[in-house]
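Have a look at the structure below before the remarks.
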Ligand SMILES: [Zn+2]
């Protein structure tokens, strides 16, 4: 028997649907799984049925941001009561915090890219089934980046280093920064 207790779905940064996760798990002889999306348990609305169809057991899970010894870290939490109000409030607060961080990032990026704005971002929707993060899809949709992967890598790099995405002559420096990543 195999178990995979750290899977992501389209409800955070993966492109796998709950149904696809169950099928792939079955094909890989995984008989116990846990989807631990970042700050979300939304996959479980569909995962329960999908696992039942594939004859797979699951344990509810989530990946949460946490601080340990002053360091940001991610914590995997399992087997909690998904209807517990304290837990649901906690998840909601995490989501609000994450949404605010993404909005702040769009505001920062709009200084380099006038084609981006917070109001445009808030009105923007992307197909949920494509997975991933809204702010990255948005930057690609507004032609700031060519692909989701390029955008993800550069935005993360920028967040870490906190510098402009432009070279002094105004050209994009994505390739160079990707190389440095
Ligand atoms: Zn993870």
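In our numbering, the protein residues as written are 1 to 181. A virtual CB, placed ideally from N, CA and C, is assigned to each residue, including glycine. Everything numeric in this text was worked out from a predicted model, so none of it was measured.
With C-beta atoms as the reference, is residue 133 less than 8 Å away from residue 13? The beta carbons of residue 133 and residue 13 sit closer together than 8 Å.
Going along the chain, which residues put their C-beta within less than 7 Å of some heavy atom in ligand 1? 6, 8, 36, 38, 63 and 74
Measuring only between beta-carbons, confirm whether residue 149 sits less than 8 Å from chain C. The structure shown contains no chain C; it holds only a single protein chain.
Can you check the stretch 92-166 for any beta strand (DSSP E) of at least 3 residues that lies completely inside it and give the ranges in chain order? none
Assigned secondary structure, residue 170 (DSSP; H/G/I helix, E/B strand, else coil): Low local confidence applies: a pLDDT of 39 at residue 170 is under 50, so the model's placement there is unreliable, with the coordinate-based value given in what follows. Here DSSP, grouped into helix, strand and coil, assigns residue 170 to coil.
Proximal residues to residue 170 (C-beta, below 8 Å), its chain only, five neighbours per side dropped: Note that residue 170 scores 39 on pLDDT, short of 50, meaning its location in the model is unreliable and no value can be drawn from it.
Assuming residue 41 contacts residue 82 under a Cβ cut-off of 8 Å, what Cβ separation, rounded to an integer in Å, is found between them? Contact between residue 41 and residue 82 holds: CB atoms are separated by about 6 Å, below the 8 Å threshold.
With which residues is residue 2 paired in a DSSP beta bridge? 30
So, helix, strand or coil for residue 14, using DSSP? coil
Taking C-alpha atoms, which residue in 1, 90 and 15 lies nearest to residue 26? 1
Cβ of residue 128 within 8 Å of Cβ of residue 7? no
Identity of the residue in 135, 121, 79 and 91 nearest residue 65 by Cα: Of the candidates 135, 121, 79 and 91, the one whose C-alpha sits nearest the C-alpha of residue 65 is 91.
So, at 7 Å on beta carbons, what are the nonlocal neighbours of residue 77 in its own chain, with the 5 sequence-adjacent residues on each side left out? 61, 62 and 64
Using the C-alpha atoms, what's the distance from residue 72 back to residue 135? Distance between the alpha carbons of residue 135 and residue 72 is about 21 Å.
Counted within 10 angstroms of its Cβ, other Cβ atoms place residue 139 as buried (16 or more) or exposed: buried
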